[in-house]
């Protein structure tokens, strides 16, 4: 009977055998869509996993049901210890059944600002928005068959009315799609018969209320910009001691102290290290890396059972702008990164978001353990100096 080590090695080899572009570092320059293209900056890619995941809504899956699947993730990073730490977190969760994830809402926004001569005119325009929403919807959606306008929400600031256009954008992250659609809708409005009585003086495509590539509370509680996702899993005291080098109670105490420190510092969110995985997976799968700013608010919630000593951890990320088509997802290496995750092509956008959060949760528990048992600095020092020979 094959050992778990042999099975893991076989899975690893299966993932690696079809990788041509990640390992070859060659791409067709004609497929690069940036200005003044001169070449590539190569970023090392490490393979993390396997992680046993349970996707809510997948066939045979439910709370406490289904076998799940083993998944590897590519992390593009220059930071030593990141791949090893995330893999350790995966191992700990695997020994306790794995990680569950579910995706909730999905949206992408653009918020043009319409300028008026007075606050009275701005307020009058805001009250009129529902009356022409159906027409704006038709014009905006004409720009792409994958786009759907969900809502228009006006906000008046002085003599300016900001109108929040909230869309779904299919399998694309959608930043460019919503810009083009909203631009078309605004110009239609200005050229229509409605424009003169509304007294619109001018507009700008983005008045910053959609918080594009900026961290904000609106992306946290009002209008998520991207996929809203949550991942959770439990770790027993025995596994924590054997794999993470500390007890579950110690893990809980450490993170409680970190939350208290974060409150005093005014930190936006209360995760441990999630954005390290988000950024690394964004680079490896062709996402817009600047959108890490929108994703950075995240909430890690520990729940400790004092009787069983089981620690349950859940990670919530309200705004994760990802796509499985468009942007950099067509590049050879990034396409292979999506293939490793089984997220390439149509219908996989939500799965990608859920997996990003699941692997981020694995890193978080390992990071907290490293602070708890005082191995954080030593691990970085050892693996930084011997990164080429590090085994995980």
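Residue numbers (my numbering): 41 to 432.
By construction, the Cβ of each residue, glycine as well, lies at the ideal position given by its N, Cα and C atoms.
Any idea if residue 18 is buried or exposed, counting beta-carbon neighbours within 10 angstroms, 16 or more meaning buried?
-> Because the chain spans 41 through 432 in this model, residue 18 falls outside it and cannot be assessed.
Round the Cβ separation of residue 462 and residue 84 to the nearest angstrom and send it over; I've been treating them as touching at under 8 angstroms.
-> Nothing can be reported for residue 462: it is not among the residues displayed for the chain, which extend from 41 to 432.
Unbroken stretches of the alpha helix (DSSP H), 4 residues or longer, contained in the region 286-344 | Qualifying alpha helix (DSSP H) stretches, in chain order: 288-305, 314-325, 332-335.
Buried or exposed (CB count within 10 angstroms, at least 16 for buried), residue 157 = Reading the chain shown from its first residue, position 117 is the one you call residue 157. Exposed: under 16 other Cβ atoms inside 10 Å.
Counting Cβ pairs, one atom from each stretch, are 3 or more of them under 8 angstroms apart for the region 70-77 and the region 378-388?
-> Contact fails: fewer than three Cβ-Cβ distances are below 8 angstroms.
Name the DSSP bridge partner or partners of residue 207?
-> For this step, residue 207 is matched to residue 167 along the chain shown. Partner(s): 148, 189.
Is it buried or exposed for residue 301, if we count other Cβ within 10 angstroms and need 16 for buried?
-> Residue 301 sits at position 261 when you count from the first residue of the chain shown. Under this definition residue 301 is an exposed residue.
May I ask which residues mark the beginning and end of the beta strand (DSSP E) holding residue 115?
-> The residue you call residue 115 lines up with position 75 of the chain shown. Where residue 115 is concerned, the enclosing beta strand (DSSP E) stretches over 109-116.
Residues of its chain near residue 287, where Cβ-Cβ distance is below 7 angstroms and the 5 sequence neighbours each way are ignored = On the chain shown, residue 287 is found 247 positions in, with the first residue counted as 1. Excluding positions up to five away in sequence, the list reads 277, 280, 281.
DSSP puts residue 257 in a beta bridge; with which residues?
-> The count along the chain shown starts at 1 and reaches residue 257 at position 217. Beta-bridge pairing links residue 257 to no other residue.
Three-state secondary structure (DSSP) at residue 245?
-> Indexing the chain shown from 1 puts residue 245 at position 205. Three-state DSSP puts residue 245 in coil, outside helix and strand.
Distance, Cα to Cα, residue 171 vs residue 348?
-> Your numbering for residue 171 matches position 131 in the chain shown. Your numbering for residue 348 matches position 308 in the chain shown. Roughly 58 angstroms between the two C-alpha positions.
Whole-angstrom C-beta distance between residue 206 and residue 263, which should lie under 8 angstroms | Walking along the chain shown from the start, residue 263 turns up at place 223. Walking along the chain shown from the start, residue 206 turns up at place 166. Contact between residue 263 and residue 206 holds, with the beta-carbon distance rounding to 6 angstroms and staying under 8 angstroms.
Report the partner residues of residue 194 according to the DSSP bridge assignment.
-> Here residue 194 corresponds to residue number 154 of the chain shown, with the count starting at 1. DSSP, once it has assigned bridges, lists 203 as partnering residue 194.
Three CB pairs or more closer than 8 angstroms across the region 221-239 and the region 333-347 | As far as the Cβ criterion goes, the region 221-239 does not touch the region 333-347, which means the pair count is below three.
Could you check the C-alpha separation between residue 226 and residue 152 for me, to the nearest Å?
-> Start at 1 with the first residue of the chain shown, and residue 226 comes out as number 186. Start at 1 with the first residue of the chain shown, and residue 152 comes out as number 112. Their backbone Cα atoms lie some 8 angstroms apart in a straight line.
Report the residue from 196, 80, 211, 250 whose alpha carbon sits nearest the alpha carbon of residue 154.
-> As a working note, residue 154 is residue 114 in the chain shown. For residue 154, the nearest C-alpha among the options comes from 196.
So what's residue 393 in DSSP terms, helix, strand or just coil?
-> Stepping through the chain shown from its first residue, residue 393 is reached at position 353. Secondary structure of residue 393 (DSSP, three-state): helix.
Pick from 75, 109, 95 that is closest to residue 51, judged by C-alpha positions | Translated into positions along the chain shown, residue 51 becomes position 11. Closest by alpha carbon: 109.
How would you call residue 493, buried or exposed, if buried means at least 16 neighbouring beta carbons within 10 angstroms?
-> Here the chain comprises residues numbered 41 to 432, so residue 493 is not present and cannot be evaluated.
Using only alpha-carbon positions, find the residue among 97, 107, 82, 79 that is nearest to residue 91.
-> Position 51 of the chain shown, counting from 1, holds the residue named residue 91. Looking only at 97, 107, 82, 79, the smallest Cα-Cα distance to residue 91 is reached by 107.
Residue 72, enclosing beta strand (DSSP E) - first and last residue = For the purposes of this step, residue 72 is identified with residue 32 of the chain shown, where counting begins at 1. Segment: none, residue 72 is in no beta strand (DSSP E) and carries neither H nor E.
Skipping 5 residues on each side, what residues in its chain have a beta carbon closer than 7 angstroms to that of residue 352?
-> Residue numbering aside, residue 352 sits at position 312 when the chain shown is read from its first letter. These residues qualify, in order along the chain: 272, 274, 343.
Assuming residue 250 and residue 150 make a contact with CB atoms under 8 angstroms, what is their CB distance in whole Å?
-> Walking along the chain shown from the start, residue 250 turns up at place 210. Walking along the chain shown from the start, residue 150 turns up at place 110. Yes, they are in contact, since the Cβ atoms of residue 250 and residue 150 sit about 6 angstroms apart, within 8 angstroms.
Pick helix, strand or coil for residue 429, following the three-state DSSP scheme.
-> Translated into positions along the chain shown, residue 429 becomes position 389. Confidence at residue 429 is low in this model, with a pLDDT of 46, below 50, so its placement is unreliable and the value that follows should be read with caution. Judged by DSSP in its simplified three-state form, residue 429 adopts helix.
Validate contact between the region 133-152 and the region 397-406 using beta carbons, cut 8 angstroms, 3 pairs | Counting C-beta pairs with one atom in each stretch, the region 133-152 and the region 397-406 have three or more that are closer than 8 angstroms, which means they touch.
Pair every Cβ in the region 401-413 with every Cβ in the region 294-313, then say whether three or more of these pairs are closer than 8 angstroms.
-> A contact exists between the region 401-413 and the region 294-313.
In whole angstroms, what is the alpha-carbon distance linking residue 215 and residue 324?
-> Locating residue 215 in the chain shown gives position 175, where the first residue counts as 1. Locating residue 324 in the chain shown gives position 284, where the first residue counts as 1. Between residue 215 and residue 324, the C-alpha separation is close to 19 angstroms.
In whole angstroms, what is the alpha-carbon distance linking residue 200 and residue 255?
-> As a first step, residue 200 must be located in the chain shown, where it is residue number 160. As a first step, residue 255 must be located in the chain shown, where it is residue number 215. Distance between residue 200 and residue 255, taken at the CA atoms: about 23 angstroms.
Straight-line Cα distance separating residue 294 from residue 257 = Numbered from its first residue, the chain shown carries residue 257 at position 217. Numbered from its first residue, the chain shown carries residue 294 at position 254. As the crow flies, the alpha-carbon of residue 257 is around 27 angstroms from that of residue 294.
Considering only residues of the same chain and omitting the five flanking positions on each side of residue 190, which have a CB-CB separation below 8 angstroms?
-> Residue 190 sits at position 150 when you count from the first residue of the chain shown. 147, 206, 207, 208, listed in sequence order.
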